[in-house]
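Novice: First to last, the sequence lines map onto chains L and V. Each residue of the first sequence is one higher than the one before, starting from 226 at the first, in the working numbering. Each residue of the second sequence is one higher than the one before, starting from 226 at the first, in the working numbering. The C-beta atom is built at its ideal place from N, Cα and C for all residues, glycine as well. Mind looking over this structure? Questions follow.
There are 2 protein chains.
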Amino acid sequence: MSEHSLINKYLAPLAAGFSGAAGLLNDGAVLGVVDGKQLVVTTDTLNEGIHFFGFEPPELLAKKALRVNISDLAAMGATPLAYTLNLSIPRKISDVEGFLASFCKGLAADQAQYGIALCGGDTTMSEHSLTITITAFGLAPRIVARSGAQAGDVVFVTGTLGRAVLGLQTLKENPVIDLNNPLQRAYLLPEPRVDLSALIAAYATAAADISDGLLADVGHIAAASGVQIVLETARLPVAEMPWEQAITGGDDYELVCTIPAYRAAEFLQKVESLYVRLTNVGYCGKGAGVSLRDDAGNILPSPVTTGYSHF
Amino acid sequence: MSEHSLINKYLAPLAAGFSGAAGLLNDGAVLGVVDGKQLVVTTDTLNEGIHFFGFEPPELLAKKALRVNISDLAAMGATPLAYTLNLSIPRKISDVEGFLASFCKGLAADQAQYGIALCGGDTTMSEHSLTITITAFGLAPRIVARSGAQAGDVVFVTGTLGRAVLGLQTLKENPVIDLNNPLQRAYLLPEPRVDLSALIAAYATAAADISDGLLADVGHIAAASGVQIVLETARLPVAEMPWEQAITGGDDYELVCTIPAYRAAEFLQKVESLYVRLTNVGYCGKGAGVSLRDDAGNILPSPVTTGYSHF
């Protein structure tokens, strides 16, 4: 089956619901922007042997690639609109059609779940390994940047920290996929906090997802905003593991945000009404960097690793 | 040097001129849309060993990756606005900083030449080979699709066909880069027809770039528009090679477009006033598919290959 036929059979149906994609027939797609909304773009690449093992079913890889991007949209206060897909399929995959069928089945399921549609892309061969790049577009009523945190703001984080790292460890020890294992599930099939994007847009002075680990990502907010962020280690909602590992591990697709103190109670109540766990883990103060404090108020040394770095 | 420091040093300066990028500090960028314009998105991936050899200087690869996307924007009648970059750098590149410095030097030069700025991306490591994905955004006064061609329209193509294929052959025979060789230059450093995007938007009923080869790309226009396209082989502006090879070779970043017959002379004059070679290579008629005719009007068999297919 030719590249063109494969695209028509497997990818064009994923673009059927988005008129600006024009059935993937053109050199580009058109993104319509609603009056009064901002168009947000974000992009993430997953590489075989780096971001995933390679033995995962294509369906799962497709979902993770889409979800890590939707997580970034949520952190910007945006709701999903459309995405492009760049898929480099290695020569070693002999059944390209079977691969694409499974991959697109995963995308179709997540498109329905998250209200997003394919609008373009590039499907090519690669020499050695699978590379998946998704670029996602969303619409936001207001842009939430990393640079808006103010001294006095309360710092909140969603969910539980460190589960994905534990899931990854499980798979390294025994490479058998079990989506009923909640730790593996957190690593393989994260659930982006897209339900919160409207509340983030309405309440947050700054937000980010914590895919690099909480410590690194609050560090980025502190640097961009010119504040110090104090994390209270006793409050950290960690999985069954040392907090040092939970806040440096990465691959958690939870959100961290800063909320003006006078609005914090209202924000907490609204988030909890969506059945999302939200924890006050600290506050912003004058100064710079991230400070870790125990429940006696002692300043703790920062863990050496501050987030995943590729180089 | 950490990933974060490398991004700050080499990539953030490329985003300095685009306010929606916010210095690459956020999880996403904001694309501002001008009233009355359409936002076009297009994306292309270049893989080592598939789309390039691997011995090319990073500076040249960066330019080609950007230019092939700008070519798609021009084909849609759009002028460049911004782009995202996903760079997967293989472990075998030991001097990551030297690589990035050269790569970003190429991007900076082309940003100035084409009036486009970086607005986001993802820089990661890969196991084996270099993968470059660029997703480019442009603004168009009106969208030119592949589906708008009408029976009676005249078919035009810019430039000379087949030079990139000859340049690629030269490099396969003797892998020494010489940008003074116009054939090599056509392959390594294509010049997207961005000067024509406004004229395409104003005159064309359909347009595409011919990166898959003229024959395949007019085939896509014929299929999307529901017309037959007749190519007159004696008119084809081919390099020193058989026309069959010139129209199937691919990697030419020229534009093909269809223009209503009553506007064809005016379009030709306006394009030539920009010192761009433009050739009437055929016309649209009723029917389907692509028909090749010699100067005696005989219908010729179609070359077996119709464009590069990855699978």
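Expressed to the nearest angstrom, what Euclidean distance is found between the alpha-carbon atoms of V/P485 and V/V380?
Specialist: Residue mapping note: residue 485 of chain V aligns to position 260 of the second sequence, counting from 1. Residue mapping note: residue 380 of chain V aligns to position 155 of the second sequence, counting from 1. Between V/P485 and V/V380, the C-alpha separation is close to 9 Å.
Novice: Based on Cα-Cα distance, which residue from L/S436, L/G444, L/G522 lies nearest to L/P415?
Specialist: Residue 415 of chain L sits at position 190 when you count from the first residue of the first sequence. Of the candidates L/S436, L/G444, L/G522, the one whose C-alpha sits nearest the C-alpha of L/P415 is L/S436.
Novice: For V/L391, which residues of its own chain have a beta-carbon under 7 Å away from its beta-carbon, when the five flanking residues on both sides are left out?
Specialist: Translated into positions along the second sequence, residue 391 of chain V becomes position 166. Excluding residues within five positions, the ones whose Cβ falls inside 7 Å are L408, A464, M466.
Novice: Could you please tell me which residues of the region 248 to 274 of chain L, in chain order, have their CB closer than 9 Å to any CB of chain V?
Specialist: The region 248 to 274 of chain L vs chain V, Cβ under 9 Å: G248, L250, N251, D252, G253, A254, V255, L256, G257, V258, Q263, L264, V265, V266, T267, T268, D269, T270, L271, N272, E273, G274.
Novice: Taking the runs of the beta strand (DSSP E) that are 3 residues or longer, which of them lie wholly in the region 342 to 373 of chain L?
Specialist: Counting only runs of 3 or more, we get 342 to 351, 356 to 365.
Novice: How would you label V/S296, buried or exposed, when you count the other beta carbons within 10 angstroms and need 16 or more for buried?
Specialist: Within the second sequence, numbered from 1, the residue matching residue 296 of chain V stands at position 71. Classification for V/S296: buried.
Novice: Only counting the same chain, and skipping five residues up and downstream in sequence, which positions put a Cβ closer than 7 Å to that of L/D519?
Specialist: By one-based count along the first sequence, residue 519 of chain L stands at place 294. Excluding positions up to five away in sequence, the list reads T458, A459, L525.
Novice: L/Q494: buried (16+ other C-beta within 10 angstroms of its C-beta) or exposed?
Specialist: The residue given as residue 494 of chain L occupies position 269 in the first sequence. That one is exposed.
Novice: Rounded to the nearest angstrom, what separates V/G331 and L/R488 at their Cα positions?
Specialist: Within the second sequence, the letter at position 106 stands for residue 331 of chain V. Within the first sequence, the letter at position 263 stands for residue 488 of chain L. Their backbone Cα atoms lie some 47 Å apart in a straight line.
Novice: Measuring alpha carbon to alpha carbon, tell me which residue in V/L456, V/N399, V/R367, V/G242 is nearest V/T304.
Specialist: Position 79 of the second sequence, counting from 1, holds the residue named residue 304 of chain V. Considering only alpha carbons, the answer is V/R367.
Novice: Is the beta carbon of V/L480 closer than 8 Å to that of V/I446?
Specialist: Position 221 of the second sequence, counted from the start, is the residue given in the question as residue 446 of chain V. Position 255 of the second sequence, counted from the start, is the residue given in the question as residue 480 of chain V. No, Cβ-Cβ distance for V/I446 and V/L480 is not below 8 Å.
Novice: So, are the CB atoms of L/T385 and L/R292 less than 8 Å apart?
Specialist: For the purposes of this step, residue 385 of chain L is taken as residue 160 along the first sequence, with counting starting at 1. For the purposes of this step, residue 292 of chain L is taken as residue 67 along the first sequence, with counting starting at 1. Not a contact, by the Cβ cut-off of 8 Å.
Novice: In chain order, what residues of the same chain have a beta carbon less than 6 Å from the beta carbon of V/T356, not counting five sequence neighbours either side?
Specialist: Within the second sequence, residue 356 of chain V is the residue found at index 131, counting from 1. Hits under 6 Å: N272, S313.
Novice: Quick one: which chain V residues come within Cβ less than 8 Å of L/V321?
Specialist: For the purposes of this step, residue 321 of chain L is taken as the residue at position 96 of the first sequence. F536, listed in chain order.
Novice: Over what stretch of residues does the alpha helix (DSSP H) that includes L/P407 continue unbroken?
Specialist: Position 182 of the first sequence, counted from the start, is the residue given in the question as residue 407 of chain L. It spans 407 to 413 - the alpha helix (DSSP H) in which L/P407 sits, taken as one unbroken run.
Novice: Are L/E378 and L/T270 closer than 8 Å when you measure CB to CB?
Specialist: In the first sequence, residue 378 of chain L corresponds to position 153, counting from 1. In the first sequence, residue 270 of chain L corresponds to position 45, counting from 1. Contrary to the premise, residue 378 of chain L reads as Asp rather than Glu in this sequence. It is not a contact, given that the beta carbons lie outside the stated cut-off.
Novice: Does DSSP put V/L310 in a helix, in a strand, or in coil?
Specialist: Start at 1 with the first residue of the second sequence, and residue 310 of chain V comes out as number 85. Of the three classes helix, strand and coil, the one that applies to V/L310 here is strand, per DSSP.
Novice: Taking all protein chains shown into account, do 16 or more other C-beta atoms lie within 10 angstroms of the C-beta of V/R316, making it buried, or fewer, making it exposed?
Specialist: The residue labelled residue 316 of chain V in the question sits at position 91 within the second sequence. Counting Cβ neighbours within 10 Å, V/R316 comes out exposed, since fewer than 16 surround it.
Novice: L/L310 to V/V515, Cα distance in whole Å?
Specialist: Within the first sequence, residue 310 of chain L is the residue found at index 85, counting from 1. Within the second sequence, residue 515 of chain V is the residue found at index 290, counting from 1. Whole-angstrom Cα-Cα distance: 30 Å.
Novice: Cα separation between V/W468 and V/L456?
Specialist: The residue given as residue 468 of chain V occupies position 243 in the second sequence. The residue given as residue 456 of chain V occupies position 231 in the second sequence. Taking the straight line joining both Cα atoms gives about 11 Å.
Novice: From what residue to what residue does the beta strand (DSSP E) around V/Q453 run?
Specialist: Indexing the second sequence from 1 puts residue 453 of chain V at position 228. Residues 453 to 457.
Novice: With DSSP as the reference, label V/D420 as helix, strand or coil.
Specialist: Against the second sequence, residue 420 of chain V aligns to sequence position 195. If DSSP states are grouped into helix, strand and coil, V/D420 belongs with the helices.
Novice: Looking at the secondary structure, which residues open and close the beta strand (DSSP E) in which V/T383 lies?
Specialist: If you number the second sequence from 1, residue 383 of chain V lands on position 158. Residues 379 to 383.
Novice: Start and end of the beta strand (DSSP E) containing V/N505?
Specialist: In the second sequence, counting from the first residue as 1, residue 505 of chain V sits at position 280. V/N505 -> beta strand (DSSP E) spans 503 to 510.
Novice: Short check: CB of V/M301 to CB of V/A365, under 8 Å?
Specialist: Within the second sequence, the letter at position 76 stands for residue 301 of chain V. Within the second sequence, the letter at position 140 stands for residue 365 of chain V. Contact: yes.
Novice: Determine, using beta carbons only, whether L/M466 comes closer than 8 Å to chain V.
Specialist: Counting from 1 along the first sequence, the entry for residue 466 of chain L is found at position 241. By this cut-off, L/M466 is not an interface position.
Novice: What are the boundary residues of the alpha helix (DSSP H) that L/I446 is part of?
Specialist: Taking the first sequence and counting its residues from 1, the one referred to as residue 446 of chain L is at position 221. 439 to 450 is the span of the alpha helix (DSSP H), which, as asked, contains L/I446.
Novice: Look at the alpha carbon of L/P528 and the alpha carbon of L/L461, and state the distance between them as a whole number of angstroms.
Specialist: Reading the first sequence from its first residue, position 303 is the one you call residue 528 of chain L. Reading the first sequence from its first residue, position 236 is the one you call residue 461 of chain L. When rounded, the distance between both Cα atoms is 15 Å.
Novice: In the DSSP output, what is L/V266 paired with across the bridge?
Specialist: As a position in the first sequence, residue 266 of chain L is number 41, starting the count at 1. For L/V266, which the question treats as bridged, DSSP gives the partners L/F362, V/A254.
Novice: Out of V/Y412, V/D320, V/R371, point me to the one whose CA is closest to V/H276's CA.
Specialist: In the second sequence, residue 276 of chain V corresponds to position 51, counting from 1. Out of V/Y412, V/D320, V/R371, V/Y412 has the C-alpha closest to the C-alpha of V/H276.
Novice: With DSSP collapsed to three states, give me the class of V/E273.
Specialist: On the second sequence, residue 273 of chain V is found 48 positions in, with the first residue counted as 1. The answer is strand: DSSP assigns V/E273 an E or B state.
Novice: Does DSSP put L/L404 in a helix, a strand or coil?
Specialist: Your numbering for residue 404 of chain L matches position 179 in the first sequence. Coil at L/L404, not helix or strand.
Novice: For a contact meaning CB atoms closer than 7 Å, what does L/A427 contact in chain A?
Specialist: The structure shown contains no chain A; the protein chains it does contain are L and V.
Novice: Residues of chain L with CB under 7 Å from V/A449, in chain order?
Specialist: Along the second sequence, one-based indexing puts residue 449 of chain V at 224. Residues of chain L passing the Cβ test: L250.
Novice: Closer than 7 Å by beta-carbon distance: list the chain V residues that pair up with L/E457, in chain order.
Specialist: As a working mapping, residue 457 of chain L is identified with position 232 in the first sequence. Result: empty, since nearest Cβ-Cβ is about 24 Å, beyond 7 Å.
Novice: Just checking: is the beta-carbon of L/S354 within a distance shorter than 8 Å of some beta-carbon in chain V?
Specialist: If you number the first sequence from 1, residue 354 of chain L lands on position 129. Closer than 8 Å: yes.
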